[in-house]
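Protein chains in written order, with my numbering: chain A, 3 to 186; chain B, 23 to 599.
Reviewing the structure listed below.
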């Protein structure tokens, strides 16, 4: 009786020590789910979800404070990936919140007064310029978040949709064209 | 007799090569205009270096290579540049791209050019010449040849010269080998030198006996002891680089590995020919042999200037009226040209005039019956039926697990499919989607990095600013060690007296206000001191007249000040001096 108790206590102490040690040794900083969610998000940092950037939105999703259908740049595929990752139901975009065509910002350099307001608004430092110097967009870095459009005091920034050309053209899903048969 | 190897699968489509090999290569007539695309090669598009209206000479550079992986573009004949704009080009998409339109003047006037003896020229210069001459792989891949003719640490043992030309209808390499074998083997020798290769294996399918004979004769005449012309069995796609390497050397190039890592490099025979012309004669790649066949009166090979509109080329062969489209390349892997106005590019080895009778539209695709005939013929040893199911279901991860990117898009699977499923289209679709996703994730990664760095930078700037301010204050304090009177500070009352918080706060704020008032007073006193110390500098040597004037003005000012202070005594603070 006593020996059985002692054995059980011994085992529990040992396991407790192992658990306690591994909790310290293998401690994971932060929530790993946040990283996974952040990896699915498109990193436009546009704030259309209502959070100041993709990471805060990922944190909010991980805490269950935000829905998964609030990221228009991620598209429906993004929602599906999030639903898969979190094991929740797919949820379509709300009314009028769907994804837009991809675009890059464009500064009309004739109009730009060099106020640097757009520089401060750009979340990815994709605008080159300095005070009273003309600004310009580094198109390759622009995520198309539109955050620079509103602050511009002279409205010289517009969003230019990215058209299809030979470099970004891609093969379509094969479809069978329906050809009307000449009825005689 | 050399032992040959086999690759998996392969098909035997009707070759249709006899039609276009009856007549020798004919120079195509000078067209009314040349539409020269600036992106004819793998890599970056060439940058135009001529102006509209400029007269250019034959062989003059009109597009310079942009970056390391790029190639030069030249004027194919002398004439005037009439436009540099977006024109429909020979591409699956049918989209326009930047082209230079040239109106020939008919003089065909060469720019000054000269070649070198490759034996007495350093390899770097030879490669530079290839690049400047715009020599790219003419087998269809159009990869810049200067990039390929470099052997890192002399690892390349075998140079394979590809004269297999396995696709039906195409005979341009066949005719080139028959007629210009000497230049081809000399070009091969140059490429061998550049690569430090030990042997050159020239693989030609055994349905081209004339070409094999001509090449063997050229090798014998030039006494190339390390060069061998080998007849390989006719089997589509035996002209694929990996397949030919397998047949000739037995080396199987693994997935994701370049053949150069296994000691083999592969060039097309026409590339070797152009490399020879470029190095020995200084002639850039201005023309190529194009087979015009299919629904034409006289199927034949033409030497065609790059940029010749397809319409004008096929007219010379007598395109029949029921032709409904042009195919660039062969029937298995070719591109349906979006229009007859596109110019011939460096990749154009063949133009097939297609008619509904010659190439009837494929019957509608039926469901896959899992017969796995496609797997039997796949030269890359893939499971095309699996790839098809996954691609159709948009399950791209699975397609990659089944090695989608080893597919060479040869079309053998679709050729044998009893259900007429356009298999290759599914694979291309899946590849394009995967590429796009990869691009997007790279862009997202970049954006994330930049965003994080920006946040870090903003934080750092804030800190630096705070530090700077603190230092400035410190410096200011240090600069006045003997401040006239240290500011008397009202000491906070004993906090233990009243434990009531609200009262404590009030006391604190009173103390703060008192301190502030002290500071303000001290500052005002300092300002007064400074003002008193400052004397106008231009009042030293004045005439009595000027002094009188000043005195008068001062008196007027004093009077005005007095009046102002009287009028606004109750609501305006008196103005300080």
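Beta carbons are placed, not taken as given, at the ideal position from N, Cα and C, and that holds for glycine.
Is residue 3 (chain A) close to chain B? Criterion is C-beta to C-beta, closer than 7 Å. no
Member of B:245, B:307, B:144 whose CA lies at the smallest distance from the CA of residue 62 (chain B): B:307
Using alpha carbons as the reference points, say which of B:469, B:453, B:294, B:491 lies closest to residue 158 (chain B). B:294
In whole angstroms, what separates the C-alpha of residue 217 (chain B) from that of residue 289 (chain B)? 12 Å
State yes or no: is the beta carbon of residue 191 (chain B) nearer than 7 Å to at least one beta carbon in chain A? no
Would residue 80 (chain B) and residue 131 (chain B) be called neighbours here (beta carbons separated by less than 7 Å)? yes
Leaving out the 5 sequence neighbours to the left and right, which residues in its chain are closer than 7 Å to residue 275 (chain B) when beta-carbon positions are compared? 264, 267, 281, 284
Taking only beta carbons into account, state which residues of the stretch 18-36 of chain A come closer than 9 Å to chain B, listed in chain order. none
Can you list, in chain order, the residues of its chain whose CB lies under 6 Å from that of residue 84 (chain A), leaving out five sequence neighbours each side? 42, 70
7 Å Cβ cutoff, residue 113 (chain B) in contact with chain A: yes
Thinking C-alpha only, which one of B:415, B:446, B:94, B:438 is nearest residue 427 (chain B)? B:446
Considering only the beta carbon of each residue, do residue 406 (chain B) and residue 432 (chain B) sit closer than 7 Å? no
Would you check if there are 3 or more beta carbon pairs closer than 8 Å linking the stretch 109-117 of chain A to the stretch 153-163 of chain A? yes
Use the C-beta contact count for residue 210 (chain B): other C-beta atoms within 10 angstroms, 16 or more gives buried, fewer gives exposed. buried
Buried or exposed for residue 47 (chain B), going by 16 or more other Cβ atoms inside 10 Å? buried
At a CB-CB cut-off below 8 Å, which residues of chain A make contact with residue 444 (chain B)? 176
Sort A:3, A:103, A:165 by Cα distance to residue 77 (chain A) and report the nearest one. A:103
Check whether residue 374 (chain B) and residue 316 (chain B) have beta carbons under 7 Å apart: yes
Which one of A:82, A:99, A:97, A:98 has the shortest CA to CA distance from residue 91 (chain A)? A:82
Is there a Cβ from chain C that is less than 7 Å from the Cβ of residue 119 (chain B)? Although the question refers to chain C, the structure presented lacks it and instead comprises the protein chains A and B.
How would you label residue 580 (chain B), buried or exposed, when you count the other beta carbons within 10 angstroms and need 16 or more for buried? exposed
Per-residue DSSP class, three states only, for residue 102 (chain B): strand
Against chain B, with Cβ distances strictly below 7 Å, would residue 2 (chain A) count as a contact? The requested residue 2 (chain A) does not occur in the structure, where chain A is confined to residues 3 to 186.
By the three-class DSSP mapping on this structure, what secondary structure does residue 111 (chain A) have? coil
Taking 7 Å as the threshold (C-beta atoms), are residue 194 (chain B) and residue 371 (chain B) in contact? yes
Helix, strand or coil: how does DSSP classify residue 12 (chain B) here? Examination of residue 12 (chain B) is not possible in this model, given that chain B is present from 23 through 599 alone.
Can you round the beta-carbon distance between residue 35 (chain B) and residue 354 (chain B) to whole angstroms, since I take them to be within the 8 Å contact cut? 7 Å
So residue 372 (chain B) is in the beta strand (DSSP E); what residue range does that whole segment cover? 372-376
Using beta carbons (cut-off 7 Å, strictly below), is residue 382 (chain B) in contact with chain A? no
What in chain B is Cβ-close to residue 162 (chain A), meaning under 9 Å? The contacting residues do not exist; residue 162 (chain A) stays about 17 Å from chain B at best.
Got a sec, what are the start and stop residues for the beta strand (DSSP E) residue 185 (chain B) sits in? 180-185
Under 7 Å Cβ to Cβ from residue 522 (chain B), same chain only, skipping five residues before and after it: list those, please. Note that residue 522 (chain B) has pLDDT 48, beneath the 50 cutoff, so the model's placement of it is unreliable and the number below is only indicative. Excluding residues within five positions, none has a Cβ falling inside 7 Å.
Using DSSP's beta-bridge definition, name the partner residues of residue 325 (chain B). B:49, B:311
Give a yes or no on whether the C-beta atoms belonging to residue 119 (chain A) and residue 74 (chain A) are separated by under 7 Å. no
Checking the sheet assignment: what are the DSSP bridge partners for residue 207 (chain B)? According to DSSP, residue 207 (chain B) bridges with nothing at all.
With 7 Å as the threshold, decide whether the Cβ of residue 172 (chain A) is near any Cβ in chain B. yes
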